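Protein sequences appear in the order of chains A and B. So the first sequence is numbered by the numbering used here: it starts at 53 and just counts up by one. So the second sequence is numbered by the numbering used here: it starts at 53 and just counts up by one.
Protein chains: 2
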Amino acid sequence: MSEYAARHKDDRSVGIVVPRFYTFGEPPQEMRLASGATLGPITLAYETYGRLNDRRNNAILILHAFSGDAHVAGVHQESDEKPGWWEYMVGPGKGIDTERFFVICINILGSCMGSTGPASTNPATDQPYALDFPMVTIGDMVRAQKVLLDHLGIGRLHAVIGGSVGGMQALEWCVRYPQRVKAAVLLATTTRHSALAIAFNEVARQAIMADPNWCQGQYYGQTKPDMGLAVARMIGHVTYLSDAAMRLKFGRRLKDKTDFSFNFDADFQVESYLRYQGAKFVERFDANSLLFITKAADYFDLEREYGEGSLVSAFARAQCRFLVVSFSSDWLYPTYQSRNMVQAMKKNGLDVSFCEVEAQWGHDAFLIPNPRLSNLMRGFLTNGASPQS
Amino acid sequence: MSEYAARHKDDRSVGIVVPRFYTFGEPPQEMRLASGATLGPITLAYETYGRLNDRRNNAILILHAFSGDAHVAGVHQESDEKPGWWEYMVGPGKGIDTERFFVICINILGSCMGSTGPASTNPATDQPYALDFPMVTIGDMVRAQKVLLDHLGIGRLHAVIGGSVGGMQALEWCVRYPQRVKAAVLLATTTRHSALAIAFNEVARQAIMADPNWCQGQYYGQTKPDMGLAVARMIGHVTYLSDAAMRLKFGRRLKDKTDFSFNFDADFQVESYLRYQGAKFVERFDANSLLFITKAADYFDLEREYGEGSLVSAFARAQCRFLVVSFSSDWLYPTYQSRNMVQAMKKNGLDVSFCEVEAQWGHDAFLIPNPRLSNLMRGFLTNGASPQS
């Protein structure tokens with residue numbers, strides 16, 4: 053028994069999950085993207101948990117955040133040390149109950165976690181796409197997801213659920229395919245990036261592009277732009293936390309020392325944490341995917357795309373029930389942005405529940421086990437009761 | 053007449069100012085630093101405005117922020133396009149009135165604006181110090197400033213005034229040399245960096261060190277780490293503004309276009325602004341100076357240095373009147389940090405006035421013309437009346 057399995061033998065987990073792949077859009081049936089460019093074939097990596105019922109009406113689509121993947125819960129093999137990224141929320145009897153719901157998560161287009169992205173082979177050249185990969189939008193990601201759901205025979209979703217960039221996809225689902233969505237849970241997200249969020253993303257992109265190993269994106273098979281990508285990730289981690297979160301987590305505590313080094317070593321724990329996060333990230337993520345996905349998030353603008361600048365008009369297309377959750381210490385997508393979307397929903401007479409969860413962990417709070425959030429989720433998905441409106 | 057002179061002919065300005073330099077600490081009289089290392093000779097670049105009166109009691113020391121210099125006001129020659137960095141505040145009849153006060157500003161130790169720093173020649177090698185430059189603390193900077201003031205024959209200062217890292221120096225003056233300071237104005241500053249402020253500085257440092265042209269600091273006479281330094285500056289600019297400031301200044305407005313480029317050009321004005329600020333900064337600032345000065349700011353910790361962890365104890369040494377000003381949208385050194393220091397001052401029975409200025413421009417607000425701030429300054433410096441306490 054693996055360490056993980058031993059540690060969790062009494063937990064109720066989805067257990068061993070098989071990674072799946074679906075490919076479509078073979079030439080000449082490429083997908084036409086929002087930019088006008090075409091892309092194909094497209095492979096989507098996905099995982100499913102639980103069983104689709106006979107009426108095919110118990111499917112829930114989970115949309116992952118920018119650097120996430122399709123591996124939401126459980127393990128791929130017994131020896132895996134760590135389960136999927138939302139293990140605390142998804143499983144038998146959990147907030148998203150896999151005994152009741154058929155749960156699907158799809159790696160987004162443009163990523164590097166199994167779905168087609170800039171590191172994939174360009175059939176036109178038999179080389180990785182690199183910057184020849186076309187710019188994909190949140191809308192393009194969602195359109196590709198719909199092709200897969202059609203293939204799986206899933207008509208109307210019981211719910212779409214997403215946090216952060218996953219929440220943008222959930223919003224896109226609600227207005228692009230209103231008849232395909234019965235309910236939506238939007239966590240720590242926004243209908244469009246503020247200038248501040250764009251600024252952070254732009255600095256992260258510039259950090260990658262400043263790395264000489266980036267080579268205009270043509271680094272596959274060569275030395276990768278790890279230094280630039282690590283700096284980009286450190287910037288990300290500052291935005292995922294908050295002033296309060298960092299004060300609690302690190303304060304001014306020193307790392308394995310009692311006095312300053314008077315050099316450029318990591319004196320403070322927060323420095324050491326950031327360096328570690330940067331170094332860890334480059335092992336699993338592709339720098340070009342970061343460029344494409346952050347740009348897609350910056351472009352996302354529900355009011356521009358669907359409401360001619362009016363968020364109220366944009367939500368006129370939506371039909372589903374909503375649960376909107378913000379986190380008090382999230383300064384990447386602060387609560388006022390969630391309130392804005394809730395107001396626009398209400399002006400359209402939509403059924404919307406809103407909750408600002410008191411949480412000290414900043415933007416990342418939705419990823420951290422939180423019984424309150426699990427209860428909110430369970431209540432909303434099972435009986436539609438409004439936990440707070 | 054220069055464009056600047058023509059534009060400002062009716063303004064009251066200090067006019068043409070002569071840059072000055074003072075050198076001390078020739079071996080074997082090097083200065084011993086907080087780290088235990090020694091440094092010498094030390095040159096300090098400084099400027100003065102107005103006249104020292106016969107009683108030598110009208111001197112005001114202005115302490116500049118991290119990337120600033122001694123050139124506070126006026127021009128160096130008629131053809132200069134731009135005046136010093138605090139032109140709106142310092143001059144005849146202005147908030148800091150040069151008809152009344154003798155104003156001095158000294159470029160900090162470790163900088164690259166005329167004072168000794170990592171780009172200066174190491175007398176031991178006849179090469180630039182680079183990383184052989186010893187780590188200097190805010191305390192070291194202030195001790196060097198005092199040597200210069202002694203040389204100028206200035207005993208007790210009418211006031212020390214500083215914003216941001218300049219405010220840290222002002223704080224250090226008040227507790228290190230309490231008998232030398234009659235009053236202090238502390239703008240947008242803190243008694244010690246939060247984990248968030250350290251995090252931003254650390255990411256900026258990592259961006260520089262990630263640039264292969266940095267070469268462990270040995271880039272003088274070679275290609276400089278401009279890409280890394282530009283990214284570091286962009287990070288800085290995000291912290292100097294704020295969510296609200298960026299929303300007002302940029303929002304989601306596009307740069308010279310009506311639609312997205314669907315590539316990695318600067319689509320949004322905020323992207324273009326950051327790229328411009330990064331590119332401009334590398335023309336005037338030395339990457340190693342950024343490393344040393346940000347580290348000095350991170351190390352600064354008034355309670356640790358003077359109060360054994362207690363800010364109240366640290367201020368027990370202080371004797372001067374204080375004016376503390378925070379800015380409502382400053383999220384680098386938020387108002388709560390100013391309130392903390394004000395409380396600690398009051399617990400020591402010190403005469404302290406505190407004002408949170410409503411300003412949308414974030415941390416940088418003290419550099420932007422603001423009649424309210426000028427009035428606060430004038431009132432505090434001339435009659436000691438508390439504008440708000």
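From the three backbone atoms N, C-alpha and C, an ideal C-beta is built for every residue, glycine too. This one's a predicted model, so the numbers in the text were calculated from it and none came from an experiment.
Check the Cβ of residue i against every Cβ in chain B and list those closer than 9 angstroms, keeping chain order.
i      : result
M220/A : Going along chain B, no residue has its Cβ under 9 angstroms from M220/A, so there is no contact; the nearest lies around 14 angstroms.
G303/A : S246, A247
Y272/A : In chain order: nothing, as chain B lies at least about 18 angstroms away.
E446/A : Residue 446/A is absent from the structure shown; chain A starts at 53 and stops at 441.
Which one or two residues does DSSP pair with residue i in a beta bridge?
i      : result
E408/B : S378/B
Y74/A  : L96/A
G214/A : L115/A, L238/A
F154/B : A111/B
G143/B : D149/B
F320/B : L306/B
L91/B  : M83/B
R244/A : D353/A
Y101/A : V155/A
I250/B : None; I250/B has no bridge partner.
R369/A : Paired residue(s): none; R369/A is not in a bridge.
N340/A : Beta-bridge pairing links N340/A to no other residue.
T177/B : Answer is none; T177/B lacks a bridge partner.
L200/A : L200/A is not bridged to any residue.
V194/B : Per DSSP, none; premise fails for V194/B.
I68/B  : V127/B
What in chain A is Cβ-close to residue i, meaning under 8 angstroms?
i      : result
Q258/B : A282, V283, M286, L326, R327, G330
V290/B : L248, A251, F252, V255
D353/B : R304
P386/B : D295
Residues of chain B with a CB under 7 angstroms from the CB of residue i: which are they?
i      : result
N315/A : M187
F118/A : Ordered by position in chain B, no residue passes the 7 angstroms Cβ test against F118/A, which lies about 16 angstroms from the chain.
S87/A  : F314
M279/A : A262
I want to verify the contact list: residues of chain A whose CB lies under 7 angstroms from the CB of residue i, in sequence order.
i      : result
I250/B : F320, V322, E323
Going by C-alpha to C-alpha distance, which of the options sits closest to residue i?
i      : options                        : result
V442/B : R232/B, S131/B, H116/B         : Nothing about residue 442/B can be read from this structure; chain B reaches only from 53 to 441.
G207/A : Q258/A, R336/A, L104/A, I160/A : L104/A
F316/A : G269/B, G273/B, Q221/B         : G269/B
G218/B : R304/B, G191/B, M83/B, L433/B  : G191/B
P215/B : D382/B, E410/B, S163/B, I287/B : Before going on, a small fix: residue 215/B reads as Gly here, not Pro. Nearest of D382/B, E410/B, S163/B, I287/B to G215/B, Cα basis: D382/B.
E224/A : F252/A, Y351/A, Q412/A, G401/A : Y351/A
C157/A : A111/A, N174/A, N253/A         : A111/A
L96/A  : V127/A, S163/A, R64/A, V237/A  : S163/A
L281/A : S313/A, R299/A, A176/A, V334/A : V334/A
R336/A : P79/A, P144/A, V142/A, G166/A  : G166/A
P79/B  : P93/B, K309/B, F73/B           : P93/B
G145/B : Y101/B, P170/B, Q129/B, I114/B : Y101/B
A396/B : A196/B, W138/B, L248/B, R369/B : R369/B
Y292/B : L91/B, A259/B, H415/B, L204/B  : H415/B
T434/A : E410/A, A235/A, A297/A, P180/A : A235/A
R430/B : H210/B, S294/B, A259/B         : H210/B
K276/A : I260/A, V212/A, R107/A, S390/A : I260/A
Y328/B : T150/B, A297/B, R285/B         : R285/B
Q399/B : A366/B, Y74/B, A249/B          : A small fix is needed here, since residue 399/B is Lys in this sequence, not Gln. For the residues A366/B, Y74/B, A249/B, the minimum Cα distance to K399/B belongs to A366/B.
Under the assumption that residue i contacts residue j (Cβ atoms under 8 angstroms), give the Cβ distance between them as a whole number of angstroms.
i      : j      : result
V255/B : V290/A : 6 angstroms
F118/A : A339/A : The Cβ separation is near 13 angstroms, so there is no contact.
S65/A  : A125/A : 7 angstroms
L425/B : V377/B : 7 angstroms
F379/B : A240/B : 6 angstroms
A251/B : L326/A : 6 angstroms
A182/A : M83/A  : 19 angstroms between Cβ atoms; not a contact.
List the residues of chain A that residue i touches, going by C-beta distances under 9 angstroms, in chain order.
i      : result
R299/B : S246, A247, L248
Scan the stretch 161-193 of chain A for residues whose Cβ lies nearer than 7 angstroms to a Cβ of chain B and list them as they occur along the chain. M187
Near-chain B residues of the stretch 338-350 of chain A (beta-carbon distance less than 8 angstroms), N- to C-terminal order: L343, K347, D350
The stretch 389-419 of chain A: which residues have C-beta closer than 9 angstroms to a C-beta of chain B, in chain order? none
Using a beta-carbon distance cut-off of less than 8 angstroms, what residues from the stretch 137-163 of chain B approach chain A? none
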